[in-house]
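When we follow the working numbering, the leftmost residue of the sequence shown carries the number 671, and every step to the right adds one.
Report on the following structure.
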Amino acid sequence: MLIATCLALVLLAAAIAAWPLWVRWRRQRIAGRPFPAHWRGLLRRHVPLVSRLPARQQLRLKALMQVFLAEKPILGCRGLRVTDEVRVTIAALACLPLLGAARGIYPELRQVLVYPSAFVVDRPIAQHGVQHDERRVLAGESWSQGQVLLAWDEVKRGAATPDDGHNVVIHEFAHQLDQAGGPANGAPALATAQDYQRWSTVMQREFDALRWRLAQGEPGLIDAYAATDPAEFFAVISELFFERPAELAALHPALYAELRGYYRLDPAGWR
């Protein structure tokens with residue numbers, strides 16, 4: 671009995687140790703498959719931002735998309751039918767933030783829920799010592815429980831207009847990166863304590879400057895929603911980083927430099 675138990679424990683330990691290798695092997699197989707021709711057509715028609723990427727980055731994006739779509743279920747809600755257009759559009763935009771750094775394929779994400787249009791979410795809030803639900807109408811939401819919720823009409827609009835600095839998919843998947851390992855707080859996982867210190871200094875300065883500008887009623891590149899809290903600030907500036915990188919770099923160079931270091935990408939140099 672003791673020998674059998676020990677053998678079972680050895681086999682279990684071996685399986686646990688081998689699991690990452692098996693996942694890596696499986697992902698390499700999926701990424702190595704030919705990218706479907708009709709998916710390429712969908713990218714050209716519906717996600718024009720992809721055409722700006724250098725050829726090498728386009729190939730990497732397509733490989734990431736294939737793994738993402740193999741591992742992350744995309745489910746239609748409220749009658750939405752999940753077509754290839756839905757899947758390819760969401761996967762392309764969700765994988766953009768993964769292009770530069772090897773940080774996995776959103777390891778905590780279990781599924782993407784897609785609604786035809788804006789959806790209602792009840793959020794618990796405390797007011798005057800009493801907790802109650804606040805009903806909000808949203809175009810996107812990222813949950814730390816492993817779900818991303820998206821409104822398809824907003825996904826389409828954001829994908830079709832890659833220069834306006836608003837993209838709900840990039841926004842919500844920036845939250846997923848921020849939520850890795852804990853609640854979103856505007857400080858995603860960085861390599862060193864020095865990186866965190868520099869990030870905190872730059873982000874706090876820019877966040878305070880945004881709030882000051884809004885209090886003065888002055889216009890600016892960064893949307894007012896970014897002033898909600900540090901988590902929303904990170905998500906909003908991530909949208910700008912991918913959609914209006916040259917303007918972000920010119921107007922907020924320190925901010926752009928932090929995002930460039932985190933994402934390990936320099937979209938201001940893309941055509």
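We treat Cβ as the ideally placed atom computed from N, Cα and C, and that holds for glycine.
Taking 7 Å as the limit between beta carbons, can you name the residues of its chain near residue i, skipping five residues before and five after?
{"i": "L713", "result": "V720, V758, A762"}
{"i": "G836", "result": "The amino acid occupying residue 836 in the given sequence is His; Gly does not appear at that position. Hits under 7 Å: G828, E909."}
{"i": "P936", "result": "In the sequence on display, residue 936 carries Asp and not Pro. Answer for D936: R930, listed in chain order."}
{"i": "E833", "result": "In the sequence as presented, Glu is not what sits at residue 833; that position holds Asp. Excluding positions up to five away in sequence, the list reads E913, R914."}
{"i": "G770", "result": "Y933, R934, L935"}
{"i": "Y866", "result": "A857, L860"}
{"i": "Q727", "result": "L769"}
{"i": "P690", "result": "none"}
If I measure Cβ to Cβ from residue i and keep anything under 8 Å in the same chain, skipping five residues before and after, which residues do I get?
{"i": "V906", "result": "H841, I892, D893, Y895, A896"}
{"i": "I760", "result": "I744, V782, V784, L820, V825, V839"}
{"i": "G887", "result": "none"}
{"i": "P777", "result": "A850"}
{"i": "R748", "result": "Y785, P786, F789"}
{"i": "D899", "result": "G856"}
{"i": "E928", "result": "R868, W869, V872, M873"}
{"i": "Y926", "result": "F911, P915, L918, A919, A938"}
{"i": "H716", "result": "E755, V758, T759, K826, A829, A830"}
So the alpha helix (DSSP H) residue i belongs to, where does it begin and stop?
{"i": "D884", "result": "In the sequence as presented, Asp is not what sits at residue 884; that position holds Leu. Taken as a continuous stretch (DSSP letters only), the alpha helix (DSSP H) holding L884 covers 863-886."}
{"i": "W822", "result": "822-830"}
{"i": "S908", "result": "900-913"}
{"i": "G931", "result": "923-933"}
{"i": "L891", "result": "Taken as a continuous stretch (DSSP letters only), L891 belongs to no alpha helix (DSSP H), as it is neither H nor E."}
{"i": "D833", "result": "Taken as a continuous stretch (DSSP letters only), D833 belongs to no alpha helix (DSSP H), as it is neither H nor E."}
{"i": "Q846", "result": "838-848"}
If you compare alpha carbons, which of the options is closest to residue i?
{"i": "P786", "options": "A772, C765, A809, Q886", "result": "A809"}
{"i": "L847", "options": "D878, R827, R773, D834", "result": "R773"}
{"i": "R694", "options": "G749, I775, S870", "result": "I775"}
{"i": "M873", "options": "R883, A901, G851, A885", "result": "A901"}
{"i": "W813", "options": "T831, A927, V791", "result": "V791"}
{"i": "M735", "options": "A764, L860, P915, Y926", "result": "A764"}
{"i": "H741", "options": "P923, D823, Q698, P889", "result": "A small correction: the amino acid at residue 741 is Glu; His does not occupy that position in the sequence shown. Nearest C-alpha to E741: Q698."}
{"i": "A830", "options": "F904, E755, A927", "result": "E755"}
{"i": "R751", "options": "W822, L921, G702, T871", "result": "W822"}
{"i": "P767", "options": "T898, D899, H845, L921", "result": "H845"}
{"i": "K949", "options": "P704, R715, D865, G749", "result": "Absent from the structure is residue 949, since the part of the chain shown begins at 671 and ends at 941."}
{"i": "L921", "options": "Q864, W709, Q727, A879", "result": "A879"}
{"i": "R875", "options": "F903, V818, R806, R726", "result": "F903"}
{"i": "T753", "options": "Q864, W709, F877", "result": "W709"}
{"i": "L739", "options": "R726, P724, P706", "result": "P706"}
{"i": "F843", "options": "W692, Q864, V818, A863", "result": "V818"}
Can the beta-carbon of residue i be found closer than 8 Å to that of residue j?
{"i": "W940", "j": "R730", "result": "no"}
{"i": "P853", "j": "Y932", "result": "no"}
{"i": "A916", "j": "A938", "result": "yes"}
{"i": "G890", "j": "R883", "result": "yes"}
{"i": "G816", "j": "R780", "result": "yes"}
Beta strand (DSSP E) containing residue i: first to last residue?
{"i": "G810", "result": "810-813"}
Could you pull out every residue in the same chain whose Cβ sits closer than 6 Å to the Cβ of residue i, ignoring the five residues on either side in sequence?
{"i": "V737", "result": "R697, I700, A701, I775"}
{"i": "V807", "result": "A788, V790"}
{"i": "P718", "result": "P832"}
### Message
Which complete alpha helix (DSSP H) runs does the segment 737-787 hold, if anything under 4 residues is left out?
### Response
754-765
### Query
What runs of the alpha helix (DSSP H), each 4 residues or longer, lie entirely inside the segment 694-743?
707-716, 725-741
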